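Which chain is which? The protein sequence lines are F and G, in order.
So for the first sequence, our numbering puts the first residue at 1101; every next one is plus one.
So for the second sequence, our numbering puts the first residue at 109; every next one is plus one.
Beta carbons are placed, not taken as given, at the ideal position from N, Cα and C, and that holds for glycine.
Values in this document were obtained by computation on a predicted structure and should not be read as measured data.
Report on one structure; see the data block that follows.
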Amino acid sequence: MILTLDFFYYVLGAMLLMIAFMALRDQHNPRRYSSALFWALYAVIYLAGEQLPPVAAGLLMVVMALIAGFGGVTLGRYGERTPEERRASAQRLGHKLLIPALLIPLTTVIGSTVFKDVQWNGLFLLDPKHITLVALGCGSLFAVATACWLTRSTPLQAMRESRRLVDHLGWAVVLPHMLAVLGLLFTDAGMGKAVAHVVTSYINMDLRLVAVAVYCVGMALFTIIMGNGFAAFPVMAGGVGIPVLVGVYHANPAVMAAIGMFSAYCGTLMTPMAANFNIVPAALLELPDKNAVVKMQIPTALPLLLANIALLYFLMNL
Amino acid sequence: MEHTVVNLWPLLGVAVIIAGFALRAHPVLVVVAACFVTGFAAFMPVEQLLATLGTAFIKTRNLPLILLLPIAAIGLLERHGLKEHAQASIARIRSATTGRLLIVYLAIREISAAFGLTSIGGHPNMVRPLIAPMAEGAAEVRYPDITMDMRHRIRAMAAATDNVGLFFGEDIFVAFGAIVLMQTILHGEGIDVDPLHMALWGIPTAICAFIIHSWRLYRLDAQIARSVK
Chain F
1101 MILTLDFFYY VLGAMLLMIA FMALRDQHNP RRYSSALFWA LYAVIYLAGE
1151 QLPPVAAGLL MVVMALIAGF GGVTLGRYGE RTPEERRASA QRLGHKLLIP
1201 ALLIPLTTVI GSTVFKDVQW NGLFLLDPKH ITLVALGCGS LFAVATACWL
1251 TRSTPLQAMR ESRRLVDHLG WAVVLPHMLA VLGLLFTDAG MGKAVAHVVT
1301 SYINMDLRLV AVAVYCVGMA LFTIIMGNGF AAFPVMAGGV GIPVLVGVYH
1351 ANPAVMAAIG MFSAYCGTLM TPMAANFNIV PAALLELPDK NAVVKMQIPT
1401 ALPLLLANIA LLYFLMNL
Chain G
109 MEHTVVNLWP LLGVAVIIAG FALRAHPVLV VVAACFVTGF AAFMPVEQLL
159 ATLGTAFIKT RNLPLILLLP IAAIGLLERH GLKEHAQASI ARIRSATTGR
209 LLIVYLAIRE ISAAFGLTSI GGHPNMVRPL IAPMAEGAAE VRYPDITMDM
259 RHRIRAMAAA TDNVGLFFGE DIFVAFGAIV LMQTILHGEG IDVDPLHMAL
309 WGIPTAICAF IIHSWRLYRL DAQIARSVK
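Laid out in structure tokens, this is it:
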């Protein structure tokens, strides 16, 4: 392979190291030493990667969590432009500003479809196992280059702007990552069996509608706890979907699976545990309430969950 | 009858999460505390627990790439007025309202995701620089004295719309990971299902999701109007 995922790990590691260095030199950041340490430790995860002994990586994660958890990651000063300057620049550059922004999705789509199987001297041009991420990485690099050229800025300025965005996100950057770790640990510890045991032991599923409701609501609830529908699906499908819905009520397995997964997604909309979808955007959009996106999604998710129960009930024996 | 003992102690990890969020403790601390409680409940010694956490932390480090790689370009464009440009552009379209704009975005997001084009959209590279400023800008043109609280609601709705469109669109794309996962799990249980059938049976829910969320977006315009009076 010519361009692998590892290359983008190094790019991100270098970026984080630069951010740490800039944080260290920022006199206006009240906790510049702990902020710099936090981003430097995160850089180590990307630069050292699999060479890092597992125990060391685990310790690193715990130290990062303690720094972030006790308010050690703070904002500095970023030399932002005034709204008037930005408006003037927007008028001057006009629609050209959209080009680099749209280059990211465009490159990702083209890279992951057209260039999927392209080879050079017998080597894949893009890592086929991580095609979307690698294509996204290429798109991001193209976008930075184009943006620098269009706005006559230096790559250093692009790094300063990265630091502004990353600092405003703060600990929200690492929350999805740490939740993914917790998800894997839950699986290792046998959480699925425990939940399925509790659900199937205490609820009587002699009525078809009750069984359907237990399956759909169970998917949503388990996703709310785990933050990930992919973790809920094997548990609820193995615990209720296959033995009860298919086994007892002769449901069509395709309907059971499809609507079950969508019920899990209703749970994803309602949980802060799905941090990359729900908490990170709240930070990105500078909302004072970190749960604002979850609260906004609940009135869509609950009626949709009811619709799923009805759909599964009526469609599963068609 | 075969009798297996199920270890219920890992459920303590869930209890920690619920208690942590209820007490409004720092989310990162809650997650790490839950890791330790779950590990100890599964009888892992400290060193093994740290190694498990470390291995998982390294293994999942591809997750933040989607968020962090685009931000250098987006940050630079913001410095040169991308948000201001998005707002000025939407102000020129007279029929554009916040609700209508977001309904159009929901349709584009859901349909493109259904064709596997999930990278059109996303919070760091679409919602923050373009969709949220446009949704806010459309409201600002009609109601210049819109409250800060309403602005925050509009932004949150823009993020929610991206999620709804993505989730309920991508799952009707045959080659999507969720379909592959479901097929693998069902195969393991001795049931063989055609991925195309699973994708097709997802369509009724995808349509319901569009109707329910569009109706809420339609009502958002009225809520914005009321908030100003």
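Chain G contact for residue 1417/F (CB, 8 Å cutoff): No, because no Cβ of chain G sits closer than 8 Å to the Cβ of residue 1417/F.
Interface positions of the segment 229-249 of chain G facing chain F (Cβ-Cβ less than 9 Å), listed along the chain: Under the 9 Å Cβ criterion, the segment 229-249 of chain G contributes 229, 230, 231, 232, 233, 234, 235, 236, 237, 238, 240.
Residue-level contact to chain F via CB, residue 324/G, 8 Å cutoff: For residue 324/G, the nearest beta carbon of chain F is closer than 8 Å to its own beta carbon.
Backbone secondary structure at residue 1419/F - three-state DSSP: This structure gives no information on residue 1419/F, because the portion of chain F shown stretches from 1101 to 1418.
For residue 1219/F: DSSP bridge partner residues: Paired residue(s): 1224/F.
Closer than 8 Å to chain G by CB, residue 1123/F: Output row for residue 1123/F: interface = no.
Residue burial classification, residue 256/G (beta-carbon count within 10 angstroms, cutoff 16): It is exposed - the Cβ of residue 256/G has fewer than 16 other Cβ atoms within 10 Å.
Rounded C-alpha distance that separates residue 193/G from residue 201/G: Annotation: residue 193/G to residue 201/G spans about 13 Å, alpha carbon to alpha carbon.
Three-state secondary structure (DSSP) of residue 1116/F: Under the three-state reduction of DSSP, residue 1116/F is assigned to helix.
Three-state secondary structure (DSSP) of residue 1103/F: Here residue 1103/F carries a strand assignment [DSSP, helix/strand/coil].
For residue 1294/F and residue 338/G, the rounded distance between their alpha carbons: This structure cannot settle anything about residue 338/G, because the visible part of chain G is limited to 109 through 337.
Inter-residue Cα distance where the pair is residue 1290/F and residue 115/G: Straight-line Cα distance between these residues: approximately 8 Å.
Short-range partners of chain F found in the segment 143-160 of chain G, where Cβ spacing is below 7 Å: Answer in chain order: 143, 146, 147, 149, 150, 155, 158, 159, 160.
Buried/exposed call for residue 1254/F, threshold 16 Cβ in 10 Å: Result: exposed.
Expected contact under 8 Å - CB spacing of residue 1176/F and residue 1221/F to nearest Å: With 8 Å as the limit, residue 1176/F and residue 1221/F do not qualify as a contact, their Cβ atoms being about 47 Å apart.
Where the alpha helix (DSSP H) through residue 1303/F begins and ends: Neither: residue 1303/F is in no alpha helix (DSSP H) and is coded neither H nor E.
Chain G within 8 Å of residue 1320/F, Cβ atoms only: Not one beta carbon of chain G lies nearer than 8 Å to the beta carbon of residue 1320/F.
Under 8 Å between C-beta atoms of residue 217/G and residue 273/G: With respect to residue 273/G, residue 217/G sits close: the two C-beta atoms are nearer than 8 Å.
Among 1197/F, 1198/F, 1236/F, 1203/F, nearest to residue 1216/F - alpha-carbon criterion: Of the listed residues, the one whose Cα sits closest to residue 1216/F is 1236/F.
Separation of residue 1273/F from residue 179/G, as counted between CA atoms: Distance between the alpha carbons of residue 179/G and residue 1273/F: 12 Å.
Backbone secondary structure at residue 235/G - three-state DSSP: Three-state result, residue 235/G: helix.
Proximity test, Cβ basis, 8 Å: residue 313/G and chain F: At least one chain F Cβ lies under 8 Å of residue 313/G.
Of the listed residues 1374/F, 1111/F, 1365/F, nearest to residue 1333/F (C-alpha basis): For residue 1333/F, the nearest C-alpha among the options comes from 1365/F.
Proximity test, Cβ basis, 8 Å: residue 336/G and chain F: Not a single C-beta of chain F is nearer than 8 Å to the C-beta of residue 336/G.
Under the three-state DSSP convention, the category residue 1343/F falls into: Secondary structure of residue 1343/F (DSSP, three-state): helix.
Euclidean distance between Cα positions of residue 1310/F and residue 1106/F: Near 48 Å, if we compare the C-alpha coordinates of residue 1106/F and residue 1310/F.
Proximity below 8 Å, CB of residue 1158/F to CB of residue 240/G: No, they are not a contact pair.
Contact set between the segment 177-194 of chain G and chain F, restricted to residues whose Cβ is under 9 Å from the partner: Against chain F - using a Cβ distance shorter than 9 Å - the residues of the segment 177-194 of chain G are 177, 178, 179, 180, 181, 182, 183, 184, 185, 186, 187, 188, 189, 190, 191, 192, 193, 194.
Contact set for residue 1242/F: own chain, Cβ-Cβ below 6 Å, skip 5 residues either direction: Around residue 1242/F: 1203, 1207.
Secondary structure of residue 254/G, DSSP reduced to three states: Taken through DSSP and simplified to helix, strand or coil, residue 254/G comes out as coil.
Residue 1152/F (DSSP reduced to helix, strand or coil): Correct three-state label for residue 1152/F: coil.
Endpoints, the alpha helix (DSSP H) within which residue 326/G is located: Taken as a continuous stretch (DSSP letters only), the alpha helix (DSSP H) holding residue 326/G covers 311-336.
Nonlocal neighbours in the same chain, by C-beta distance under 8 Å from residue 1249/F, ignoring five residues either side: Cβ within range, chain order: n/a, list empty.
Partners in chain F for residue 227/G, counting only beta-carbon separations shorter than 7 Å: Result: 1205, 1208, 1209, 1232, 1236.
Within-8 Å CB hit, residue 199/G to chain F: With 8 Å as the cut-off, residue 199/G does not count as an interface residue toward chain F.
Given 8 Å, three or more beta-carbon pairs between the segment 1389-1398 of chain F and the segment 1342-1354 of chain F: The segment 1389-1398 of chain F, when compared against the segment 1342-1354 of chain F, does not touch it at the 8 Å Cβ threshold.
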